[in-house]
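Start counting the sequence shown at 14; every next residue gets the next number (my numbering).
The beta carbon of each residue, even a glycine, is placed where N, CA and C say it ideally should be.
As the structure is a computational prediction, the values presented were derived from the model and not from experiment.
All remarks here apply to the structure that follows.
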Amino acid sequence: MLKYLIIISSLLVTSPVVMAKGDLNLRSVSGNNYTFYNDPFKLADYVKEPKKAAERGINKAQWKIKESGEGFIKAELDYKGYLLRSMIFYNDKEISFEHVSAERNDCAGKRSCQLKQRHVDRWRLNLRRQIALELTKLAKQNAISLSN
């Protein structure tokens, strides 16, 4: 039967885990050195292809894959005069994020070249959220297949 189901929450700093008995346990990740946007997603054994899940999330967030290799994906978002770059690392245990850069690419004329951090944070969070949704879909599919 189902030993556990990890429900990924991209909005909370805790990760709920549902055990086979139906108990809900919350584990805090506030004790580590990661920032909120860079917290890794711990993967369960039902995630067989983390690269595909990450790529689907990247595409749904409207980011572009610039380079892909064994264990990493370089993603880029060119949107509303901003150019954001991030690295996504994956293996069979986790998917992690590393912010590479954020810059304005339309500083001609009277436009301000100052970055608005709230926009950068929102777009990075959206990338993370879309990947989390893909992992949640895999968790749901696994739970359904085990219950049948």
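Next on the checklist: Helix, strand or coil, according to DSSP, for E62 in the structure here?
Outcome noted: Locating residue 62 in the sequence shown gives position 49, counting from the first residue. Three-state result, E62: coil.
Item to check | Continuous beta strand (DSSP E) stretch holding A88: start and end | outcome: One-based indexing of the sequence shown puts residue 88 at position 75. Segment 85-92, the beta strand (DSSP E) holding A88.
Checklist entry - For K150, which option in K61, G94, D52 has the closest C-alpha, if you only look at C-alpha atoms? => result Locating residue 150 in the sequence shown gives position 137, where the first residue counts as 1. Of K61, G94, D52, the residue nearest in Cα terms is K61.
Next on the checklist: Please identify the residue among K93, D58, R142, N72 whose C-alpha is closest to the C-alpha of K87.
Outcome noted: Working through the sequence shown from its first residue, we reach residue 87 at position 74. Cα-wise, what sits closest to K87 is N72.
Checklist entry - In whole angstroms, what is the alpha-carbon distance linking Q154 and I108? => result Position 141 of the sequence shown, counted from the start, is the residue given in the question as residue 154. Position 95 of the sequence shown, counted from the start, is the residue given in the question as residue 108. When only Cα atoms are considered, Q154 and I108 end up about 19 Å apart.
Checklist entry - Tell me, which residues are paired with H112 by DSSP? => result Translated into the one-based positions of the sequence shown, residue 112 becomes position 99. Per DSSP, S99.
Checklist entry - Quick one: what's R117 bridged to in DSSP? => result Here residue 117 is taken as the residue at index 104 of the sequence shown, counted from 1. Partner(s): Y95.
Next on the checklist: I'd like the span of the beta strand (DSSP E) that includes S81, first residue to last.
Outcome noted: What you label residue 81 is simply residue 68 of the sequence shown in a count that begins at 1. Counting along the chain, the beta strand (DSSP E) containing S81 begins and ends at 77-82.
Item to check | Per-residue burial, Q143 [other beta carbons within 10 Å of its own, 16 or more giving buried] | outcome: Within the sequence shown, residue 143 is the residue found at index 130, counting from 1. With 16 or more other Cβ atoms within 10 Å, it is buried.
Checklist entry - From the DSSP output, which residues share a beta bridge with K55? => result As a first step, residue 55 must be located in the sequence shown, where it is residue number 42. Within the DSSP bridge table, the entry for K55 names E107 as partners.
Item to check | Start-to-end residues for the alpha helix (DSSP H) that takes in K150 | outcome: Reading the sequence shown from its first residue, position 137 is the one you call residue 150. From DSSP, the alpha helix (DSSP H) with K150 extends over 130-160.
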